[in-house]
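Participant: Questions regarding the structure given below will be posed in turn.
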Amino acid sequence: MSYLAHIEHVASGAYIARDATTFGERALLECRYDLAAVRRDVDRDRIAAGPASIWRYAPLLPVEDAGQAITLGEGFTPCVKTRALGLDNLWIKDEGRNPSGTFKDRAASVALSRYRELGVERFALNSTGNAAAAWALYAARAGADCLCVIPADGQPSCRAQAALSGARVYLLDDWHAAGSVIAAITRDTGRLNACALREPYRTEGKKTIGLEIAEQFGWTLPDVIVYPTGGGLGTLAIWKAFDELITLGWIPDRLPRLVITQYDGCAPIVKAFREGRDDCEPWRDIDVLAGGMKSPAPIGGRKLLELLRRTGGAAYAITAAEALAAVRELAGREGLFACPEGATTLAGLRKALSEGAIKNGERVLLVNTGTGLKSLPVMPEVRLETIDVGALAS
Ligand SMILES: *Cc1c(COP(=O)(O)O)cnc(C)c1O
665 MSYLAHIEHV
675 ASGAYIARDA
685 TTFGERALLE
695 CRYDLAAVRR
705 DVDRDRIAAG
715 PASIWRYAPL
725 LPVEDAGQAI
735 TLGEGFTPCV
745 KTRALGLDNL
755 WIKDEGRNPS
765 GTFKDRAASV
775 ALSRYRELGV
785 ERFALNSTGN
795 AAAAWALYAA
805 RAGADCLCVI
815 PADGQPSCRA
825 QAALSGARVY
835 LLDDWHAAGS
845 VIAAITRDTG
855 RLNACALREP
865 YRTEGKKTIG
875 LEIAEQFGWT
885 LPDVIVYPTG
895 GGLGTLAIWK
905 AFDELITLGW
915 IPDRLPRLVI
925 TQYDGCAPIV
935 KAFREGRDDC
945 EPWRDIDVLA
955 GGMKSPAPIG
965 GRKLLELLRR
975 TGGAAYAITA
985 AEALAAVREL
995 AGREGLFACP
1005 EGATTLAGLR
1015 KALSEGAIKN
1025 GERVLLVNTG
1035 TGLKSLPVMP
1045 EVRLETIDVG
1055 ALAS
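Heads up, the final residue of the sequence shown is numbered 1058 in the numbering used here, and it's a clean run with no missing numbers.
So this is what it looks like as C-alpha cells:
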C-alpha cells in the first residue's frame, strides 16, 4: 500500500484527489503523504533491507503495489569518493549506471508504475532527449503508448533509444515551441501531458536521488550538493526528499546548500539568481551542447530560485569548453566517464572554490546525471594512430 494522501497544486494550495488522472493546465503539482503513518509503520532498518533499487523507498512513493512496479533495476547508484581538485571530502553520485544511462529512468519507472495502477496508458511529452528515451523504454515495458517530441538537433543516442522502443517520436526545430506543441497534442488526443512539472509523479521518481543520498551518507546529508540544472525538476525533487526525511525524523534538520550549474548558452536561472531576481526570464538565443540542459523557460524557476536562497546556495554558468575539459579530467584522473552536463558540476565546483562559496573540508557531492556514452558525438575529438603491425614484427 502507499501512504500517498493527496496531491497539491503548490501555487494555489489547491487539493487534488490522490487518484486524479487529469491535471489540466496546472503546473508544479506535489504529492503529499501521511508521514505520521509512515513514521509509525516504517523505520530506516526496513528501508535498508529493501531491494537495491529505488523501490527500497516504496513507503515514500505513490505506487500502491511496488511488487508490480515497472522496473529495470533503476537507482541505488553509487556515491564514488574522488580526490578531484585535491579535496578531502568529495563524492560523485554516478547516475550513469541507470538502465537507459541517465537519472531520468527513476521518474519514468515511478510515474509509469503509478499510471498503470490508475489505468492511464497514453502519454505525450517533450524532452531534450534523455527523458524521452527513458519514458519510451519504460512505456514499452509497461505496454503503454508514448509520444515524444525531441529537438531536431538532439542526441542520436536518445533518438535511437526512443525510436527503437516503438514510441512515436517527432523532431521539432524551434525548441521554444515545445511546451505549446505538447499542450496542443494532449488537448486534441487525450494523452496525459507527461512534461516536467505538469503532473505529480515524475518528481516522486527523481526524489529517490535525495533519499539515496541521505541513506548513503549514513542518514545525514552532505554540506553542499552541486547539480547540473535544466528544468529544475531534479533539484526540487531532491530537496522535497530532504524535507520529508526531516519531518520523519530520519535525518537532522540541516539542509545542504544547493549549487547549480547551467550552460552559459542557456542559463536563465543562473542569470536571475546573480541579478537578485525572484523569477527568470525566458532565454532567447540557446547555444548549448546537445543533451539534457536546454530549458529556456523552466517552469520551476521561481521555486528553484527560492531554494537557492533558502539554502544559501550559488549558481554558475559553464561554457561548453569548460564542460568538455571537465569530462576529460574526470575520465583521466578518476576513471569516471561522465556526460558533459554532469561534468559541468566539476567546473562549477572549481568556480565555487575560487569564490569561496565552498571550502575544502566541507562534504561536497556532485551529481553526474548520466553516462558519457550517451554523448559521444559531442565529446572532445580524439585522434588515434593505427598501429603498424609490419613494423612491429621486423
Ligand atoms: C534532464 C537532465 C539534466 C537536467 O535535469 P533537470 O531535472 O531538468 O534540471 C541534467 N543532465 C542530464 C544528463 C539530463 O538528462
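Even for Gly, the Cβ is constructed at its ideal location relative to N, Cα and C. The structure presented is a predicted model; accordingly, all values stated were derived computationally and were not measured.
For the beta strand (DSSP E) containing Asp1052, name the first residue and the last one.
Facilitator: It is not in any beta strand (DSSP E) - Asp1052 carries neither H nor E in the DSSP assignment.
Participant: Where do the N-terminal and C-terminal ends of the alpha helix (DSSP H) with Pro820 fall, by residue?
Facilitator: Pro820 to Leu828 is the extent of the alpha helix (DSSP H) around Pro820.
Participant: On the criterion of 16 or more Cβ atoms from any shown chain inside 10 Å, does Ser717 qualify as buried, or is it exposed?
Facilitator: It counts as buried.
Participant: With a threshold of 7 Å, establish whether the CB of Leu897 neighbours any heavy atom of ligand 1.
Facilitator: It does: the Cβ of Leu897 is within 7 Å (strictly closer) of some heavy atom of ligand 1.
Participant: Ligand 1 heavy atoms versus the CB of Gly1006: any closer than 7 Å?
Facilitator: At least one heavy atom of ligand 1 is nearer than 7 Å to the Cβ of Gly1006, so yes.
Participant: Could you check if Gly750 belongs to the surroundings of ligand 1, using beta carbon to heavy atom distance under 7 Å?
Facilitator: No, the beta carbon of Gly750 sits no closer than 7 Å to any heavy atom of ligand 1.
Participant: Please classify Val1053 as buried or exposed, where buried requires at least 16 other C-beta atoms within 10 Å of its C-beta.
Facilitator: Answer is exposed; the Cβ neighbour count stays below 16.
Participant: By the DSSP assignment, the alpha helix (DSSP H) with Val702 in it spans what residues?
Facilitator: Unbroken alpha helix (DSSP H) run through Val702: Leu699 to Asp705.
Participant: When burial is assigned at 16 or more other CB atoms within 10 Å of the CB, is Asn1024 buried or exposed?
Facilitator: When all chains shown are included, Asn1024 counts as exposed.
Participant: Going by beta-carbon coordinates alone, are Leu922 and Ile889 separated by less than 8 Å?
Facilitator: Contact flag set, yes.
Participant: Return the bridge partner residues of Gln732 from the DSSP annotation.
Facilitator: For Gln732, which the question treats as bridged, DSSP gives no partner whatsoever.
Participant: Tell me, which residues are paired with Thr1009 by DSSP?
Facilitator: None; Thr1009 has no bridge partner.
Participant: State the CB to CB distance for the pair Leu969 and Ala936, rounded to an integer number of angstroms; the pair is presumed to be in contact (CB under 8 Å).
Facilitator: The Cβ separation is near 6 Å, so the contact holds.
Participant: For Trp883, which option in Ala905, Pro763 and Leu693 has the closest C-alpha, if you only look at C-alpha atoms?
Facilitator: Measuring from the Cα of Trp883, the nearest candidate turns out to be Ala905.
Participant: Once the 5 residues before and after Trp903 are set aside, which same chain residues still bring their CB inside 8 Å of it?
Facilitator: Excluding residues within five positions, the ones whose Cβ falls inside 8 Å are Gly874, Leu919, Leu922, Leu971 and Thr975.
Participant: Give the range of the alpha helix (DSSP H) segment to which Glu1026 is assigned.
Facilitator: From DSSP, Glu1026 is part of no alpha helix (DSSP H); its letter is neither H nor E.
Participant: Tell whether a beta-carbon distance below 8 Å holds between Gly760 and Thr1035.
Facilitator: In contact: Gly760 and Thr1035 (Cβ atoms closer than 8 Å).
Participant: Is the region 770-786 in contact with the region 851-871, if contact means three or more CB pairs nearer than 8 Å?
Facilitator: Result yes; three or more Cβ-Cβ pairs closer than 8 Å.
Participant: Out of Arg1027, Tyr697 and Val1031, which has the shortest C-alpha to C-alpha gap to Pro886?
Facilitator: The shortest Cα separation from Pro886 among Arg1027, Tyr697 and Val1031 belongs to Arg1027.
Participant: Does the Cβ of Cys944 lie closer than 7 Å to at least one heavy atom of ligand 1?
Facilitator: Checking the Cβ of Cys944 against ligand 1 gives no.
Participant: Would you give the residue range spanned by the alpha helix (DSSP H) that Ile846 belongs to?
Facilitator: Run containing Ile846: Ala842 to Thr853, per the alpha helix (DSSP H) assignment.
Participant: Taking the beta strand (DSSP E) that Lys745 falls in, what are its first and last residues?
Facilitator: First-last of the beta strand (DSSP E) with Lys745: Cys743 to Thr746.
Participant: From Ala1016 to Leu749, what distance separates their C-alpha atoms?
Facilitator: Approximately 12 Å between the Cα atoms of the pair.
Participant: With a 10 Å radius around its C-beta and 16 neighbouring C-beta atoms as the bar for buried, classify Glu1019 as buried or exposed.
Facilitator: Result: exposed.
Participant: Identify which residue in Leu776, Ala984 and Val1046 has its Cα closest to the Cα of Thr867.
Facilitator: Measuring from the Cα of Thr867, the nearest candidate turns out to be Leu776.
Participant: For Cys1003, is the beta carbon positioned less than 7 Å from some heavy atom of ligand 1?
Facilitator: Flag set: Cβ of Cys1003 near ligand 1.
Participant: As a quick exercise: from Arg1047, Ala990, Gly996 and Asp809, pick the residue whose alpha carbon is nearest that of Leu1030.
Facilitator: Comparing Cα positions, the closest option is Ala990.
Participant: So, do the region 712-729 and the region 984-1002 have three or more beta carbon pairs nearer to each other than 8 Å?
Facilitator: No, because fewer than three Cβ pairs between the region 712-729 and the region 984-1002 fall closer than 8 Å, the two stretches do not touch.
Participant: Taking the alpha-carbon of Tyr721 as reference, which of Gly869, Leu1037, Glu694 and Gly818 has the nearest alpha-carbon?
Facilitator: With distances taken between Cα atoms, Tyr721 lies closest to Gly869.
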